[in-house]
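Please read the structure below before turning to the comments.
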Amino acid sequence: MQPTVRSFGGSAIALLAVLVVLATAPTRASAQSEDAADSETVTTTLHPGWNMVGWLGPDAPASELFEAIPALQRVSAWDPVHQRYLSRTRTTIPRHALRDLRPGMGLWLKLGGDEPFEWTRPVVAGGVLVSLRAGRNLVGWAGTDGTAIEEALRRFGGSLLAVSQWDADSQGYDHYRPDAGHSRNTLVELERGDGLWVELTADARWWQSEAAGVEFTFSDSVPAERHALVQNDMASVVTFYAERYGIKPPEFSVTVDFDLDIFAGVRAREILISQAALDYAYLGATLAHEYFHILQGRLGDYPAIDPSPRWMTEGAATYAGGLYERERWGTPAESLRLSRLRHSLAISEQLDDLTLSRLFYRGAGPVYSLAALALEWLSGYAAADSPDTFDPTGPGWSNQLPDHATYVDYYAALASADDWREAFEATFGLSPDDFYESFESYRSALTLSRFPHLGDNEERPLLVLVGDTPTETEAAIRARFATMLELFATRLAAGSADYAIYIGADADSLADIYLAWAGTEVPEDFCSEAKQGVFLIATVDCLESSPRVLSGQHTYSVRARLAPWESLEPVEYPYDRRGPMWLLLGIDAYADHVYADASGQQPLDSMRNQERSRARLLAEPLDTLAGWDQVIAADFWRARSLSFIAGDLLAELAGEPALFDYFRQLPSSASWQEGFETAFGMSVDDFYEAFEAHRAEVAPPFPHLADDGHGPVLVFVGDVSAEQEAAISTRFAGIRALFSERLQAGAADYTLYVGTDPASLAQVHVLTTGHDLPQDFCNASRTGVYLIATVDCIESRPRRLQQHHSHSIRAHLAPSGSLPPAERGHDRRGPLWLLLAIEAYADNLAESALSPRTLDEIRAGQVTLAKRVVPALSTLTGSAEVNAVGFWNARALSSIAGELLAERAGEAALFDYFRRLPDADTWQEAFETAFGMNIEVFFEQFEAHRAGVTPPADGGE
Numbered sequence: 000m001q002p003t004v005r006s007f008g009g010s011a012i013a014l015l016a017v018l019v020v021l022a023t024a025p026t027r028a029s030a031q032s033e034d035a036a037d038s039e040t041v042t043t044t045l046h047p048g049w050n051m052v053g054w055l056g057p058d059a060p061a062s063e064l065f066e067a068i069p070a071l072q073r074v075s076a077w078d079p080v081h082q083r084y085l086s087r088t089r090t091t092i093p094r095h096a097l098r099d100l101r102p103g104m105g106l107w108l109k110l111g112g113d114e115p116f117e118w119t120r121p122v123v124a125g126g127v128l129v130s131l132r133a134g135r136n137l138v139g140w141a142g143t144d145g146t147a148i149e150e151a152l153r154r155f156g157g158s159l160l161a162v163s164q165w166d167a168d169s170q171g172y173d174h175y176r177p178d179a180g181h182s183r184n185t186l187v188e189l190e191r192g193d194g195l196w197v198e199l200t201a202d203a204r205w206w207q208s209e210a211a212g213v214e215f216t217f218s219d220s221v222p223a224e225r226h227a228l229v230q231n232d233m234a235s236v237v238t239f240y241a242e243r244y245g246i247k248p249p250e251f252s253v254t255v256d257f258d259l260d261i262f263a264g265v266r267a268r269e270i271l272i273s274q275a276a277l278d279y280a281y282l283g284a285t286l287a288h289e290y291f292h293i294l295q296g297r298l299g300d301y302p303a304i305d306p307s308p309r310w311m312t313e314g315a316a317t318y319a320g321g322l323y324e325r326e327r328w329g330t331p332a333e334s335l336r337l338s339r340l341r342h343s344l345a346i347s348e349q350l351d352d353l354t355l356s357r358l359f360y361r362g363a364g365p366v367y368s369l370a371a372l373a374l375e376w377l378s379g380y381a382a383a384d385s386p387d388t389f390d391p392t393g394p395g396w397s398n399q400l401p402d403h404a405t406y407v408d409y410y411a412a413l414a415s416a417d418d419w420r421e422a423f424e425a426t427f428g429l430s431p432d433d434f435y436e437s438f439e440s441y442r443s444a445l446t447l448s449r450f451p452h453l454g455d456n457e458e459r460p461l462l463v464l465v466g467d468t469p470t471e472t473e474a475a476i477r478a479r480f481a482t483m484l485e486l487f488a489t490r491l492a493a494g495s496a497d498y499a500i501y502i503g504a505d506a507d508s509l510a511d512i513y514l515a516w517a518g519t520e521v522p523e524d525f526c527s528e529a530k531q532g533v534f535l536i537a538t539v540d541c542l543e544s545s546p547r548v549l550s551g552q553h554t555y556s557v558r559a560r561l562a563p564w565e566s567l568e569p570v571e572y573p574y575d576r577r578g579p580m581w582l583l584l585g586i587d588a589y590a591d592h593v594y595a596d597a598s599g600q601q602p603l604d605s606m607r608n609q610e611r612s613r614a615r616l617l618a619e620p621l622d623t624l625a626g627w628d629q630v631i632a633a634d635f636w637r638a639r640s641l642s643f644i645a646g647d648l649l650a651e652l653a654g655e656p657a658l659f660d661y662f663r664q665l666p667s668s669a670s671w672q673e674g675f676e677t678a679f680g681m682s683v684d685d686f687y688e689a690f691e692a693h694r695a696e697v698a699p700p701f702p703h704l705a706d707d708g709h710g711p712v713l714v715f716v717g718d719v720s721a722e723q724e725a726a727i728s729t730r731f732a733g734i735r736a737l738f739s740e741r742l743q744a745g746a747a748d749y750t751l752y753v754g755t756d757p758a759s760l761a762q763v764h765v766l767t768t769g770h771d772l773p774q775d776f777c778n779a780s781r782t783g784v785y786l787i788a789t790v791d792c793i794e795s796r797p798r799r800l801q802q803h804h805s806h807s808i809r810a811h812l813a814p815s816g817s818l819p820p821a822e823r824g825h826d827r828r829g830p831l832w833l834l835l836a837i838e839a840y841a842d843n844l845a846e847s848a849l850s851p852r853t854l855d856e857i858r859a860g861q862v863t864l865a866k867r868v869v870p871a872l873s874t875l876t877g878s879a880e881v882n883a884v885g886f887w888n889a890r891a892l893s894s895i896a897g898e899l900l901a902e903r904a905g906e907a908a909l910f911d912y913f914r915r916l917p918d919a920d921t922w923q924e925a926f927e928t929a930f931g932m933n934i935e936v937f938f939e940q941f942e943a944h945r946a947g948v949t950p951p952a953d954g955g956e
């Protein structure tokens, strides 16, 4: 039985005002009536002899099988509790006889005669839920035809030992074992009506029918590709409740309509989903919440509205949604508890004041979190050995809390109780009044233990140092903390924020605190964890190595206080409610840097120069960095640097207090642009214009980024003579032609600055590197970005040009970020001998073409050096091995390898190797693709070649 899907257009369904169970509207008619469902059948071909099949029909006497199958001689089923067969024949009914058929039961049928028999039998309405025990189980498959065996059995995880199926045609078994190889498993897929032996190590339930029987309705505004998302998530939710609690789904429907004014809700047996809910990353948790509302009505068997307090109705559904979230996404229970506690802080009322709908629903989202905390407390109380051992405030308590389904049992008890109080006390073991008193004590204690800053009556962070921190270290941390608070309060006029800061001597000292706040064990290599406006947990070492950990958390927390998220209009991803990313990053970076300056960590001018140099790597206009996706595409740190320049300019034009005043203005502004103009005294368009003029002076994009071509750009600085310009330009053009034409390596995009002398390059050096020009300056470079050199440096070290060009092309063809990490001392692009071989070969070609030295003269010198190397070429893989024999000796030997590779595969293959790397699984694979030979074959050929060209000198001396 498959889910029914239909669409509607025109008039929308009646809108709901709040997320609530609405029982007053009539039940929607299902497109699949019960009669239609009851008439569904499945057909299996039975062969003479033994057949293994599944019974998918409703409960029925086993004797009916003999009426339906004339040739049937014997039928057997398996008792999983006592691990024995239950059998009968047409005329005999033994002590352990099969008397009744149940949905999902597997059967052995023995047929007489010589002809196959087509057996058509009914399929029970609503799907099949099978209960299995540890050991062997004989069951039927009610799922979809052609389901892959791995998919069908995935729910059993590590408890599955083996599955087998009898093939009546061949009279033999097909098998599946999860630990066997694909070729050894002969059971590949399942057909509806199959019978199976399933062997498990633990009891389990198996819901096989996904969302069978559910009617799905989508308005015309819902894209067709989103239908499957809803159907799959709903199937996952139904499966969760069926397999965890043994609840077979009732008949219900799901309607998705973008015209709904609510997030989600339930009307009778109809789940309603809006566009916001559909776009929500945790749609499954939303469906789990709403589906439990449907189950509440079925379990409680009440005629209309749930007679329970509204906190119980919504708390149980929210708690259930959280259990589903934990099961599906692995969210720690403690993380959920902390999130709910934090969210519920906005609710001042006690729980017993939230029993009525009109009081409960005015609390909006936070009241759901409070109600879920109440259900978690009740579940834990009912599961505790005794009230004396019940300690829900302990760190990690909810992570160990078992799910005894008491919140489900409450609704089952409600069906037979006189009122909800009777069902409550019978299920949870205490009266509602006792619960209210105990829960408020728990709520208060948990809040103060997790949010101690809320109990000090101060609107400022609470700093707590944990572990054996040296006295001088503690004093330094407290001094930085005080400096930060003073900076934000006075210089930036931003005020403060109320949250907790835990600084530990090491990760172990923070174990209990981390468990209480984050809900899990402290991860390896822990540095810090934060939630804006709530907490910061960090080690001393982390604070020392990353000063912005402290200022960043304070910036985000102050920002959240001045412009609360819920006070701002929603925007579509990837944009932020508080404004464009360049503005948020600019204010964030400026606050970080003035804090680092004020606390004596680094002068502001030094950081300003570094940010400007990095910003030159971007050519995009500032206004294009509005969304998160644009920032990531442009490179986060480069975008942040350009944003800092914007924040720096805003502070200069409007004053530093204006930066955080922008956030203060946002809640009362119609748009971020209005808040900007109020805070900074200028329109956004006027600022963009002023910024681009300022940027051209302090951080102009590199010339190679500003032009339309792909290739290096040569820029002369100072009074370089015409003869020198001509000579350097000719050499540079020759290098580019050699690489692009002869070596077919393509080009690289970077800027070459050539200055008359160091003084002429001083400003360029600061703008480009962020640092002042060092004494005795010759050159400075960054592969694929820039090379800065004096005329004298190029004339005395002519190879510097071709080496930088070679490295830049290499980086362009095989970007480091596209390759897997390598061990320390090794390169992601392959062994060092190979990189040196390609570099040396290209360098030698350029040198012979652009200088008086011939290739033979260059080669002779390298042969002399290569003789000093005793180890095999294959051992020169990393810097340690290369340095052990001497860098220039290793480079000389590698150059001979480069010559051999060029001779065997052609010169173009050298840089084609780098071109192949990003798509190869290993450097060896790229080597074989580029050079047409296996690496081991090359090593063998090279050592033979080496013996004739440059045998090692005695002792390698």
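The numbers in the sequence shown follow numbering that gives the first Met the number 0, run straight up by one, and end at 956.
Note that beta-carbon positions come from the ideal geometry of N, C-alpha and C, so glycine has one too.
Since this is a predicted model, take the numbers as computed values, not measurements.
Within the segment 535–565, the complete alpha helix (DSSP H) segments of 4 residues or longer fall at 539–544 and 547–561, listed in chain order. Contact annotation: residue 506 and residue 560 have beta-carbon atoms that are not nearer than 7 Å. DSSP places residue 355 outside any beta strand (DSSP E), giving it a letter other than H or E. Of all C-beta pairs linking the segment 637–657 to the segment 575–589, three or more are shorter than 8 Å, placing the two stretches in contact.
In chain order, 595 and 600 place their CB closer than 6 Å to the CB of residue 546, counting only its own chain and leaving out the 5 sequence neighbours on each side. Annotation for residue 796: no beta strand (DSSP E) segment contains it, and DSSP assigns it neither H nor E. Annotation: the continuous beta strand (DSSP E) that includes residue 164 extends over 159–166. The DSSP assignment places 721–736 as complete runs of the alpha helix (DSSP H) inside the segment 704–757, in order along the chain (cut-off: 4 residues). When DSSP reads this structure, residue 174 sits in a beta bridge with 163. Sixteen is the threshold: when 16 or more other Cβ atoms of the shown chains lie within 10 Å of the Cβ of residue 409, as they do, the residue is buried. In terms of CA proximity to residue 61, 85 leads the group 579, 309, 359 and 85.
The segment 856–874 makes no contact with the segment 806–819, as fewer than three CB pairs between them are under 8 Å. As for any alpha helix (DSSP H) of minimum length 4 sitting wholly inside the segment 845–921, the runs are 854–865, 878–884, 886–904 and 907–915, ordered along the chain. A residue is called buried when at least 16 other Cβ atoms come within 10 angstroms of its Cβ; residue 447 does not meet this threshold and is exposed. In the pairwise beta carbon analysis, the segment 778–786 is classified as not touching the segment 834–851: fewer than three pairs are separated by under 8 Å. In the displayed model, residue 824 falls within coil according to three-state DSSP, outside both helix and strand. Ranked by Cα distance from residue 572, the options 695, 822, 625 and 880 are led by 625. In the structure shown, the three-state DSSP call for residue 44 is strand. In this structure, the alpha-carbon of residue 152 lies about 15 Å from that of residue 239. Look at residue 125 here: in three-state DSSP terms it is coil, with no helix or strand label. Classified as exposed, residue 632 has fewer than 16 neighbouring CB atoms from the shown chains inside 10 Å of its CB.
The C-beta distance from residue 556 to residue 591 rounds to 14 Å, too long to meet the 8 Å contact threshold. In the structure shown, residue 697 adopts helical secondary structure according to DSSP, grouped into three states. According to DSSP, residue pairing for residue 85 in a beta bridge involves 76.
Non-local C-beta neighbours of residue 802 in its own chain, meaning closer than 8 Å and more than five positions away in sequence, comprise 838 and 842, ordered along the chain. A contact between stretches requires three or more CB pairs, one per stretch, nearer than 8 Å, and the segment 101–118 meets this requirement with the segment 135–150. Judged by DSSP in its simplified three-state form, residue 272 adopts strand. In the three-state reduction of the DSSP assignment, residue 512 falls in the helix class, which pools H, G and I.
Secondary structure at residue 98: coil, using DSSP grouped into helix, strand and coil. Under the criterion of beta carbons closer than 8 Å, residue 518 and residue 280 do not qualify as touching, at roughly 19 Å.
Taking a C-beta distance under 7 Å as the contact criterion, residue 41 and residue 192 qualify as a contact pair. Along the segment 452–495, the beta strand (DSSP E) occurs as fully enclosed runs of 3 or more residues at 461–465, listed in sequence order. Contact between the segment 174–185 and the segment 115–124 is absent: fewer than 3 CB-CB pairs across the two stretches fall below 8 Å. With respect to residue 430, residue 424 sits close: the two C-beta atoms are nearer than 7 Å. The segment 828–835 makes no contact with the segment 752–764; the number of CB pairs closer than 8 Å stays below 3.
Rounded to the nearest angstrom, the Cβ distance from residue 428 to residue 380 is 7 Å, consistent with a contact under 8 Å.
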